Structures are given as C-alpha cells and as structure tokens.
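Participant: Attaching a single structure in structure tokens format; questions to follow.
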Amino acid sequence: MATMACVSPEPTRSRLVDRLVGTDPSEDVSAGDAASDITVSLAGLLDPRSWNLPGWNDTHPTQKPSSEAIGQLDLSLALLSRYRNSLQPFHRLSSDILVNIFLEIQESEWNPLHHSFGAYKYLDVSKVCHTWRQVALTAPILWRQLSTRYPDMAMAALERSKDAGICFVIPPNYQDGDKTVDLIKAVAGQMRRLRWLYVPSTMLKSGDGTVDPALLPLIGTPAPMLEIMETIKVRGEGDCRPLPVLFNGETPLLNRLRVQYLSPQLTSMSLSKLKFLSFSGKKRLPLSMPVTQLLDLLEKCPLLEILKTEKITWQPAADDDKRKVRLEHLRYLELGRTSGSVISDIVGRIIAPGYAMKLKVWLERYDDNRFHIGVPPEHELEFDHPLRDVRKLYLEYLNGYEGIAIKGAMGAFPFEIHALLEDSTVANVGDMDSIAGAVFASATRTFDTERLEEFGVYEMRTHARWTSFTKKAWGALFKRAPRLRALYVTTDISYDEGLVRAVLAALVAPDERTGRLLCPALENLFVNGDKTWSSLQAYIMAEERARAGHPLKWVSMRLSHYASFHEAEDTDLPMLRRHIERVDFEPPEMTFPSYPDTN
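Laid out in structure tokens, this is it:
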C-alpha cells in the first residue's frame, strides 16, 4: 500500500489539448489516426498551423491592415454615437432625431400647388405623445408653409417659424377677405425671411394690366432671401404684358423664375444668380418679344441652366446685331412653336459646352421645295453649333398631324424637334402625304451627318400614301453618312409603297464618284412592319456588301408574313446567314440619352 501511495498518478490530458495538438501516440488509437496525430510539444503549442481546431485551418479572407480595422472601429463608434437612439424606446427619441423625422415627412409632402399645402396635416404624427408635440411646436424649421387657403394656420406658423425661411402661396381661388389681406401684410413685414413665393398670374396682370392692390405691400420691398418666384397659370382676359418691377428689383439670391402671360424685363428682378427661367404666352394671344431682348436677358444670366419658352412670337433681331451669348452652365433649352428660321437664329446665337434641347417649329418653306426645321442648312452650320455633332437621328411622321418629329443625340445630349405644317403651307404645297419625301430630303440635308452612327425612320400614319422615298432619296442620305452603323425602318403594316426595297437597293448602289458601296461601316439593319420585304433582295444585298468587304453583322425584322413563326430557322431567312452573322425576329428599339430633370 505504501508503494502504491508513492506512485504519482499520470495526469489526464484535457480534451482541449487533444484538439490543439492531437492525441498522444502512446494511447490506443487506430493506425490510420495515429499517423496523422502530432505529439504534444512546446513547438506544437506555439505553432498555430498545427492546431486542430474546427474551422481554424480553413480558408480565411485576407486579413485587413490594422489601420483599416481601426478606421472601421472608429466609424462604428461614430455611427453608434450618431444613432444613439437606436436602443431607446420609441417614445424617448431625442429632440434632434424627432426634428429630422418630421423634416423627412415635410419634404415628402412639399408641393406648394397642392390644396393641402399649409394645412400641416403631416404633423398629426406629433400627437403620439406630449414630448413629440412639444418638439413639433417649438421647432421653427417645421413651420415654413404659409398659404392664404389656411390663413389662421399661416399666421400661427409665421410666429412659430421665428427666423426660418418661409414659403408663401396664394392659390388661384384665394378668398379676397380681411384675413388674406392681413396675412399678406404680415408676410410683407417678414420679407427678409421669404424664400419661396407662388402667386396667381392674374395678380400680376389683371384685365386692365395693373397689379392686384392686395399684392402691392408684398412686392414693394426688397426680398434679399427670395430664391423661387413662380406664377400659377390662371386663364384671364387681356393681352400678355411685360413683367413689372418686383421687390424694387432687388432679389440677389433668385435662382428660379417661372411666369405665365408675362415677359421678363431686365429691370423686373435681379437675374445674376438665375438658374431656371421659364415664361410663356397665350395660345391665341402669344407674347411678342424681339430676339434682341432675349439676348439681353441671357447676358444677365451667366449661371442659367434651364431655359423654357412657349407661345411666343419672336421678332427677328436687327441685321447689325450679330451677338452670341455664352452660357457655360446651360443643360436644357426648350423653345415653343414659332417659325423655323427664327428658332434657327436663336439656337445659333447660344454657345454652350453641350445641352439637351426640345424645339417646336412651323415648317417654313424656302427655295427648291426645302423647309426650315429650326436648324441652319449644313453649309451655314458653324463649328460651335450644338447640332453640328449628330450621332443619332430618328424621323417620325406624326399620325393625325401634318408634321414630323425629329429625335436625335449629339454625343451624350438628346434633342427633339417637332415640326408642323401651317395651314397656309398646306394650301400652297399640299399636305404631308404629298410632300413627305421632300420633307425627308430637307431634314436629312439640313443636319451634318458626317459622324452619324444610327438613323431611323418611323411611319405609322394610317390611310395615307407616302411618296418620294426612292432609291435616290436614300442614296443621297447614305452618301453623307459614311460612319452609319445601324439603320432602323418602321412602317405601318398596310404600307406597300416599297420603302424597304428602296433602302436595300440604295445599299448596293455604288457611289458615282468612287465606285464604292455607300455606308461602308453599316453593320445592323432592323425592319418593322414593311410588307414589301424581299429575302432574295436582302440576300443579294448582303452578298454584294460581303464581297466588297463591308458585311452586315445583324439583320432583324418583325414582319406580318413571319407573324406565325417563332424561329428564323423555320423560314427562308437562314440562307441570309451565309453572309450575315445574325438573323432573327427581335429588332431592338433605337435608344437615346435621357433628358435632365426640368421641373
């Protein structure tokens, strides 16, 4: 017994050690497992690669530098501090967070032209508890909406807003009562805080051409903080008139001006910070403005980004006035319906790095049965003209109108021209049915197509016969478009004048001067609707172009006589693949760059 007591018992290894360094080889283990075990040693304990922990030796992502880890930790702590309310009960949110929440709701409901503007219905959420209500009542930035539709609420908001900028709205159907007059006078006493103003157009131009007396206290003093001034369109009697002098002409921060039935004047308001300018006349009584006056206005708006005019009779500038205006920040130009030659003159006088435009013109006929479409003829296009570098061009004959819509892209900037025939033009030269080819030729000759890459024509006018889309007309276009890569043709299913056949014939016609085929860069042909398509003619065209070293890569069509087929292999089209890489029934649509937000 004594001997047994002197023998120290063998220590039992923990399972953690076994998982770290493996089992002891002296233990009774299978031969297969023993071969992979590692003997317990100091080196093994110090070598993490030998630790047999689950997932320890698995593939790990690359360890990030300690500096980056510390940076993320700092960011996490900052976010935790910023959103310290995330662990707070909902009714215990701090006042600054509550104000931010209410501001988000206010911005989502911010529409000065809506009938609920100024009613503060969105602040019903503040009735959750007394604390929320106190925060809503004592935050000046939440009480910026004033409307004569709710005069009592507006007077209370004017007091609660303290030093915050305010938005004042007089709706078209405002009540001309004592409360409205008192509210206008109260706002006039806070002109240093007025940032947004919306008034009916009739208040600035009544039937006798005078300003509404109720508005005089408001517009008779400077508005140093005014940023937006807009009139709400109201149908009224009388002619369009010049915009009177407002706020003594002192609006140094004005950046948005939109008026109806009024033409801005140089002395009306300060224009040096203006970024948005829009004015329009009446349909039957349009504004009358000389081009010279427009140039004077633009010279006072060096920061202008958006210019929109509508229903204006432009008077040509004097012959000796050759001015051009540089607008470095211009992003969008929209000119309403007027003669094509005047529109051409205005656009040619604006110099800007690049901008989108929409033009509405009357097709104006001149010699040789050609028409002004708002763009100078090619030989008169100056190198800095915005329509000099046209990459995409799309002609759409309007269904139900005597006119044509021209869409395109100048690099990354889209443009659109709606050109209609006046009744006098129709009486002299005929309707669009008879002059469609002449208009097509005039449009394609007007633009500089040296860099044109995509061209399309769209004709979906029913019960009409378009004429003059001949091989010669298409050839004249193809000669001037050496870089054309894609051609889109869409016609009404009832159209049977052979438009596509003329296109196919022009694509294999050699140039009289060089003897080479036209459009050497053409790769894609897309056809919709034309019932005169000829697979044999297309095959010959593809073969001729492939032999000349200008093969097509993609031909796609959606035609009536292939309507019952889902696969091109079931038709006569596979033979085209001998000379064309891809033939199918899914022609894409022509795409254009997006227009900027102009609201």
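So for the sequence shown, numbering that gives the first Met the number 0 puts the first residue at 0; every next one is plus one.
A virtual CB, placed ideally from N, CA and C, is assigned to each residue, including glycine.
Treat the numbers as computed from the prediction; the structure is a model and nothing was measured.
Do you know whose CA, among 410, 322, 445 and 419, lies nearest residue 452's CA?
Facilitator: 410
Participant: Between residue 257 and the rest of its own chain, which residues show a CB-CB distance below 6 Å, the 5 nearest in sequence each way excluded?
Facilitator: 229 and 277
Participant: Taking only the alpha-carbon atoms, compute the straight-line gap between residue 142 and residue 309 and give it to the nearest angstrom.
Facilitator: 35 Å
Participant: Compute the distance between the beta-carbons of residue 387 and residue 447, then report whether it is under 8 Å.
Facilitator: yes
Participant: Taking DSSP as the reference, what is the three-state secondary structure of residue 437?
Facilitator: helix
Participant: Identify every residue that forms a DSSP beta bridge with residue 609.
Facilitator: This structure cannot settle anything about residue 609, because the visible part of the chain is limited to 0 through 598.
Participant: For residue 136, is the classification buried or exposed, using 16 other Cβ atoms within 10 angstroms of its Cβ as the cut-off for buried?
Facilitator: exposed
Participant: Smallest Cα separation from residue 281: which of 261, 294 and 268?
Facilitator: 261
Participant: If contact is defined by three or more beta carbon pairs under 8 Å, each pair taking one atom from either stretch, is the segment 295–305 in contact with the segment 322–335?
Facilitator: yes
Participant: Around the C-beta of residue 541, are 16 or more other C-beta atoms found within 10 angstroms, so that it is buried, or is it exposed?
Facilitator: Buried, by the Cβ-count rule.
Participant: When DSSP builds the beta bridges, which residues end up paired with residue 417?
Facilitator: 359 and 404
Participant: Considering only C-alpha positions, which residue in the set 295, 596 and 335 is nearest to residue 348?
Facilitator: 295
Participant: So residue 305 is in the alpha helix (DSSP H); what residue range does that whole segment cover?
Facilitator: Run containing residue 305: none in the alpha helix (DSSP H); it sits in the beta strand (DSSP E), 305–309.
Participant: Using a Cβ-Cβ cut-off of 8 Å, state whether residue 393 counts as contacting chain C.
Facilitator: The displayed structure is made up of one protein chain only, and chain C is not part of it.
Participant: Enumerate in chain order the residues of its own chain whose CB-to-CB distance from residue 614 is below 6 Å, with the five nearest sequence positions on each side excluded.
Facilitator: The structure shown does not extend to residue 614, since the chain is modelled only from 0 to 598, so the question has no answer here.
Participant: For residue 501 versus residue 517, is the C-beta distance shorter than 8 Å?
Facilitator: no
Participant: Are residue 526 and residue 558 closer than 8 Å when you measure CB to CB?
Facilitator: yes
Participant: When DSSP builds the beta bridges, which residues end up paired with residue 556?
Facilitator: 526
Participant: Measuring only the C-alpha atoms, how far is residue 508 from residue 442?
Facilitator: 22 Å
Participant: Starting from the C-beta of residue 544, find all residues in its chain whose C-beta is less than 8 Å away, skip the five residues before and the five after it, and write them out in chain order.
Facilitator: So the list reads 506, 507, 516, 521, 550, 551 and 578, once near-sequence residues are dropped.
Participant: For the alpha helix (DSSP H) that contains residue 547, what are its first and last residues?
Facilitator: Careful: residue 547 lies outside any alpha helix (DSSP H) and carries neither H nor E.
Participant: Can you tell me whether residue 317 is buried or exposed, with buried defined as 16 or more other CB within 10 angstroms of its CB?
Facilitator: exposed
Participant: Could you give the uninterrupted runs of the alpha helix (DSSP H) lying entirely in the segment 490–521, keeping only those of 4 residues or more?
Facilitator: 498–506
Participant: Select from 454, 272 and 178 the residue whose C-alpha is nearest the C-alpha of residue 484.
Facilitator: 454
Participant: With DSSP run on the structure shown, which of helix, strand or coil describes residue 482?
Facilitator: Judged by DSSP in its simplified three-state form, residue 482 adopts coil rather than helix or strand.
Participant: In chain order, which beta strand (DSSP E) runs of at least 3 residues are fully inside the segment 115–172?
Facilitator: 144–146 and 165–168
Participant: Roughly how many angstroms separate the alpha carbons of residue 479 and residue 297, rounded to a whole number?
Facilitator: Whole-angstrom Cα-Cα distance: 35 Å.
Participant: Apart from the five residues just before and just after residue 27, which ones in its own chain have a Cβ nearer than 7 Å to its Cβ?
Facilitator: Residue placement at residue 27 is poorly supported in this model, since its pLDDT is 49, which falls under 50; the coordinates still yield a value, given next. Answer for residue 27: no residue qualifies.
Participant: Residue 275 to residue 405, Cα distance in whole Å?
Facilitator: 25 Å
Participant: Among 186, 134 and 323, which one has its Cα closest to the Cα of residue 164?
Facilitator: 186
Participant: I'd like the list of long-range same chain contacts for residue 238, defined as Cβ closer than 6 Å, with 5 residues on each side in sequence excluded.
Facilitator: 284
Participant: Is it buried or exposed for residue 371, if we count other Cβ within 10 angstroms and need 16 for buried?
Facilitator: Residue 371 counts as buried, since at least 16 other C-beta atoms from the protein chains shown sit within 10 angstroms of its C-beta.
Participant: Using CA atoms only, rank isn't needed, just tell me which of 547, 503, 598 and 523 is closest to residue 534.
Facilitator: 503
Participant: Going by DSSP, which residues form a beta bridge with residue 259?
Facilitator: 279
Participant: Going by C-alpha distance, which of 212, 469 and 188 is nearest residue 439?
Facilitator: 469
Participant: If you compare alpha carbons, which of 576, 273, 314 and 272 is closest to residue 289?
Facilitator: 314
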